[in-house]
Amino acid sequence: MSTEKAISVLSQLLGASKVRSDDYVRAAYSCEGMAAFPPGMPDAVVYPASTEEIQTVVRVANEHRVPLIPMGGRLAAFRMLEVERGGILVDLCEMNRVIELDEQNQSITVQAGMTDYMVDRAMRARGYRLMVHPVGQAAAICAGSEVAKNSLGIYGAMSGPQDRWVLGLKVVLGSGEVLQTGASRVFGAGHFSRHHLPDLTGLFMASEGALGIITEVTFRMAKLHRSLRFADFHFPRNEEGLRNLSLAAQEVRSKELVSQGMFWSPPSCQSWYERNLQHYGTPEGFDPRSLGEYVYDRYGHMFSVVIESLYSDEEAELKEKEVRRICEARGGQYLGPVFSELLPIEDGGYGEDGREIHPYQIGEFGRTKLNWHYVWLQGPYEAVTEFDRLCPPTFERAGLAQPLCYHAAYFTPYAAVLTAYVHYDASDPGEIEKVRRWYEMILEECYGKIGAVPVNTGRAVRGYALERADPPYLETMRKIKKLFDPNGIMNPGVGIF
Amino acid sequence: MRIRQEEIRKQVYACINCNSCTGRYPDESCPFRLVQRGTVHGLRGFLHVLKGVIEGRIPLSEELAAYAYMDTFCGACEARCIYGIDVAEIGRAFRMDLVEAGLGPRPEHVSLIQGMKNYDNPWGLPRRRRKAWARGLRVPETSPEGGPRIEVLYYVGCTASSDPLATTMAKRTVSILNKASVDFAVLGSREKCCASTTYWLGEHGVFEQWAGKNREILNTVRAEIIVTSCAGCYLMLEKVYPRTVGPLNKEVLHTTAYVERLLGEGRIDFTKRLDTRATYHDPCHLGRHGGVFDAPRRILEAIPGLHFVEMFRSGRHAWCCGAGGGVRSAYPENAFRIAGERLEEAEATGAETLVSACPFCYQNLSLAIQRRASPLRFADITELIDEAIEDPEGPLTSPSPTSQGRRR
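Residue numbers (our numbering), protein chains in the order written: chain A, 1 to 497; chain B, 1001 to 1408.
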């Protein structure tokens, strides 16, 4: 491996401004989604602007056997972009154009470096939206990353994983060849269908950059809603209450009555309530010091829903009545829109002044300048109850204090996304150790044990994946990796590869 | 190192990598985007670089210093940051470390520091010529011995005192004060730099010395209010002095806020029509850092005949002019590119007049208008205010011909 030589050749071929190896540039790329993971600096960063330039990068990397790590918004949460053994980071930020918006087939084709927010904006101008919805924090994630991670992060989870919405791809494989997938790209048909032959697109979903570099993505567009309604329900704060909440969530989801459904544990409610206090002022006679207790007693288990109609207010109202009937039949108490109306939904999840509205960041935690660490798992709806039982003891065992730790669940159309968060001082190495310990603990407890698996693998849960996955599956994937990336230069050490 | 001190370090490590500070908005307002690519531009990348320094992964070096001094400290990323990380304070602390290590400021800044030491201003303007801009105008001076109490001390600032373009601001301000019959005076040759330049360049020792001296002088003047037409001076006197060298013993107002007050008290009135379509560029020091957004807009909207249009990126998310943080001195081409993007945005509104309220913005945007042969005319807000107030004795000054762009 001759990284220096590869950098020098790339500088000549692409121009020095597109190949940077200055210390400060490398340092700027030393951290991905979460600060508690160890930093790793790339040897260089390249900024290709086209599929052809990416082919050049891949060819040179193959010649010199240099690892390539493709990246979009650099928000990966599972050490997916960590530079373990040196290598060149391929930043796709220059590839940020819409290639085609096809209303007839309700699809949009964009370059892989375009952020979700920008894709969403392009669609909204025509009455559509990207089904990473609401965009929320995922607004910084790029189209290529949506595929490479089969994204299922925080609010993006509301529409389910991305694989339902991706119709085709253009990829520069690790071998340097350009591969097109999807019915339209292969046969010149419209973008109405992803495949009528075996589905190559699916192979790249959650491939984490280990097979090639995605350069273009075609998404299915979804119609923008005409009417929105919000509602919150309180369920008794006991195991039975949460079980009923999950069953209600399952029913309203299966009947396609809600576009979002979320369970809040009491500490999560607390941070929402703080936000309410900031916006609307403290109610008379209310002592903010009793906040935790107040929220705990008043709200117990919260189920927040957002109801949409593509057609009319009347339809949204009818849907809300049915949601209310289902929740109340299971012991839920209708509270009206308490927290749900603050869910970031309009304009892709941005407030009036352009700031992202996010419950965990605006409020006490933002003011304390604490960093955060989190885990995202996906599992069946019934796993929510078990997750609620398992989570709090892990915080305690790791020495992390509530209410800076909390958990929640997002009910996607097909599964629940189980999330747990801890807030901590990232400038304190002792705190980082606690956080790392907690992370291992929660994964050990939950991965594959309550029917749940992590949303991604990266390097953070690689060990668990290799240990717990079916051997023939692993063997087949390794053969595919060898076929697409014969020299093993694409993001080595990521996922199961 | 200052960046290792707890209050700075905590902020550096608070970044959750959400990327709010960079390219997710159509109205992205980080001018560093034109200078650096990808994650390197914006607050997130900068904080990772600092972590690299704090943890000893990268050494302090010439290339790092060059990078650190490319930042205009406009604060656009801070306005986007959901944690409100104070990038200006962190960046300044880092520059202070670079100065201590002998790597900062940049060679192009040395003359500014020398100017401060030799002439009390960064532009090397001799003290006796500090009030040369006022020749032929009625501009009283405060007495070093104290003298009678006055209503307003007009703090002119170095740039408006010396730059042939920006002196218009000073002339127009005194014209407004005279029309309103305000009992005012200036410090004349006793006026010292507010030390803003040294503050942002990380020359903390020089800053403390000059800001301290300045505060002493200002506190001895028997005036009710200090008014300044310079956004940088306003920021220093009103926001920075209280947390560094100590607060002033009188109210500090930017001209725009003071003019609003005069309008409210009925001491001036806009009676002349100015038939123009105008847009307003928020100076970073006045807007994001100083918190003054509304006064200039309310003034423009109150001028008869003036049709005010807002640029897409305005207020808290305004695009920077490119001049601040020492960038115009060290990296003039970067400053020009950043200003160029602002002009495009202003032109897109269909405005004829680009208005601002800061001498640095004045310099940089006017120059960019000339270089790009833009159809825009640049005007400091004091020019429009002055023109809109009827004066039976006729105008005291004429608009500076150099500030005119090619009219549509």
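Glycine included, each C-beta is placed from N, C-alpha and C at the ideal position.
This structure is a prediction, so every number in the text was calculated from the model and none was measured.
Contact set between residue i and chain A, taken where Cβ atoms lie within less than 8 angstroms
i, result
"S1410/B", "Outside the shown range of chain B, which is 1001 to 1408, sits residue 1410/B, and nothing can be said about it."
"R1057/B", "A27, S30, P39, M41"
"L1064/B", "D23, Y24"
Inter-residue CB distance, residue i and residue j (contact presumed, cutoff 8 angstroms)
i, j, result
"H1109/B", "G1322/B", "The Cβ separation is near 16 angstroms, so there is no contact."
"T1244/B", "G1157/B", "Actually they are not in contact, since the Cβ atoms of T1244/B and G1157/B sit about 18 angstroms apart, beyond 8 angstroms."
"R1044/B", "C1015/B", "6 angstroms"
"L1060/B", "V1053/B", "7 angstroms"
"L1187/B", "I1217/B", "7 angstroms"
"V1309/B", "T1349/B", "4 angstroms"
"I450/A", "F387/A", "6 angstroms"
"E82/A", "R459/A", "5 angstroms"
"L167/A", "S107/A", "6 angstroms"
"Q162/A", "M118/A", "That pair is no contact at about 16 angstroms."
"L1235/B", "G1290/B", "5 angstroms"
Interface residues of chain B facing residue i [CB-CB closer than 7 angstroms]
i, result
"K369/A", "K1010, Q1011, A1014, Y1083"
"C405/A", "Ordered by position in chain B, no residue passes the 7 angstroms Cβ test against C405/A, which lies about 15 angstroms from the chain."
"A206/A", "Per Cβ cutoff of 7 angstroms: no residues; A206/A is ~21 angstroms from chain B at best."
Option in the options with minimal Cα separation from residue i
i, options, result
"E1191/B", "T1382/B, R1372/B, T1159/B, L1043/B", "T1159/B"
"N96/A", "A125/A, L68/A, A140/A", "A140/A"
"T1197/B", "S1329/B, V1049/B, D1097/B", "S1329/B"
"R124/A", "G182/A, H225/A, T51/A, W264/A", "H225/A"
"Y24/A", "T1022/B, H1041/B, F1312/B", "H1041/B"
"Q1011/B", "A1088/B, C1193/B, A1132/B, Q1036/B", "A1088/B"
"E102/A", "Q55/A, K5/A, F219/A", "Reading off the sequence shown, one finds Asp at residue 102/A, where the question assumed Glu. Among Q55/A, K5/A, F219/A, the Cα nearest to that of D102/A is on F219/A."
"V506/A", "E240/A, A329/A, D232/A, V375/A", "There is no way to answer for residue 506/A, as the model of chain A reaches only from 1 to 497."
"V58/A", "S145/A, F192/A, E440/A, G212/A", "G212/A"
"A112/A", "Y439/A, D91/A, P492/A, M262/A", "D91/A"
"M1169/B", "T1256/B, Y1241/B, R1149/B", "T1256/B"
"M105/A", "S309/A, W165/A, A465/A, T412/A", "In the sequence as displayed, the identity of residue 105/A is Asn instead of Met. Comparing Cα-Cα distances from N105/A to each of S309/A, W165/A, A465/A, T412/A, the minimum goes to W165/A."
"E475/A", "R459/A, I496/A, G458/A", "I496/A"
"I1090/B", "L1201/B, G1287/B, N1178/B", "L1201/B"
"V1252/B", "Y1155/B, H1289/B, F1184/B", "Y1155/B"
"M221/A", "K479/A, V110/A, A206/A", "V110/A"
"C327/A", "G399/A, V252/A, R462/A, L390/A", "V252/A"
"G144/A", "S427/A, Y334/A, V186/A, A210/A", "A210/A"
Chain A residues whose Cβ lies nearer than 9 angstroms to that of residue i
i, result
"N1019/B", "G73, R74, L75, T115, Q137, A139, A140, I141"
Residues that residue i contacts on chain B, provided the C-beta gap is smaller than 8 angstroms
i, result
"W372/A", "I1016"
"G33/A", "N1017"
Interface partners of residue i on chain B, CB under 9 angstroms
i, result
"Y47/A", "R1037, G1038"
"D120/A", "Residues of chain B passing the Cβ test: none, with the nearest at roughly 10 angstroms."
"S500/A", "Since the first and last residues shown for chain A are 1 and 497, residue 500/A lies out of range."
"A112/A", "The premise fails here: A112/A is roughly 14 angstroms from chain B at the closest Cβ pair, so nothing lies under 9 angstroms."
"S151/A", "Residues of chain B passing the Cβ test: none, with the nearest at roughly 14 angstroms."
"A460/A", "Ordered by position in chain B, no residue passes the 9 angstroms Cβ test against A460/A, which lies about 15 angstroms from the chain."
Contacts that residue i makes with chain A (C-beta to C-beta distance below 7 angstroms)
i, result
"G1045/B", "A28"
"L1218/B", "Residues of chain A passing the Cβ test: none, with the nearest at roughly 34 angstroms."
"V1049/B", "Y24, A27, A28"
"G1052/B", "A27, S30"
"Y1067/B", "Y24"
Counting Cβ pairs closer than 8 angstroms, one from the region 183–202 of chain A and one from the region 478–497 of chain A, do we hit at least three?
no
Could you tell me whether the region 1359–1366 of chain B touches the region 1102–1119 of chain B, where touching means 3 or more Cβ pairs closer than 8 angstroms?
no
In chain order, which beta strand (DSSP E) runs of at least 3 residues are fully inside the region 34–82 of chain A?
44–46, 68–71
My parser needs the beta strand (DSSP E) runs of 3 or more residues fully inside the region 394–445 of chain A; what are they?
405–411, 416–424
Is the region 309–327 of chain A in contact with the region 241–258 of chain A, if contact means three or more CB pairs nearer than 8 angstroms?
yes
Uninterrupted alpha helix (DSSP H) stretches inside the region 1239–1300 of chain B (no shorter than 4 residues):
1255–1264
Please confirm if the region 1331–1343 of chain B is in contact with the region 1363–1383 of chain B, defined as three or more CB-CB distances below 8 angstroms between the two stretches.
yes
Return the chain-ordered ranges of every beta strand (DSSP E) run that is complete within the region 216–268 of chain A and spans a minimum of 3 residues.
227–235, 260–264
Entirely within the region 1056–1095 of chain B and at least 4 residues each: give me those alpha helix (DSSP H) ranges in chain order.
1062–1068, 1076–1080
Can at least three beta-carbon pairs, one atom from the region 369–388 of chain A and one from the region 417–426 of chain A, be found at a separation below 8 angstroms?
yes
Check whether the region 74–82 of chain A touches the region 179–190 of chain A, counting contact only when three or more Cβ pairs, one atom from each stretch, lie closer than 8 angstroms.
no
Could you tell me whether the region 46–62 of chain A touches the region 2–14 of chain A, using the rule of 3 or more Cβ pairs below 8 angstroms?
yes
When you compare the region 1273–1293 of chain B with the region 1304–1317 of chain B, are there three or more beta-carbon pairs, one atom per stretch, that lie closer than 8 angstroms?
yes
Should the region 114–130 of chain A be called in touch with the region 229–246 of chain A, which here means at least 3 C-beta pairs below 8 angstroms?
no
Suppose only complete runs of 4+ residues qualify. What are the alpha helix (DSSP H) ranges in the region 85–134 of chain A, listed by chain order?
116–124
Let me know the alpha helix (DSSP H) ranges lying completely inside the region 440–488 of chain A, each 4 residues or longer, listed in chain order.
462–468, 471–484
Run through the region 142–210 of chain A for me and flag every whole alpha helix (DSSP H) of 4 or more residues, listed as ranges in chain order.
143–148, 183–187, 201–204
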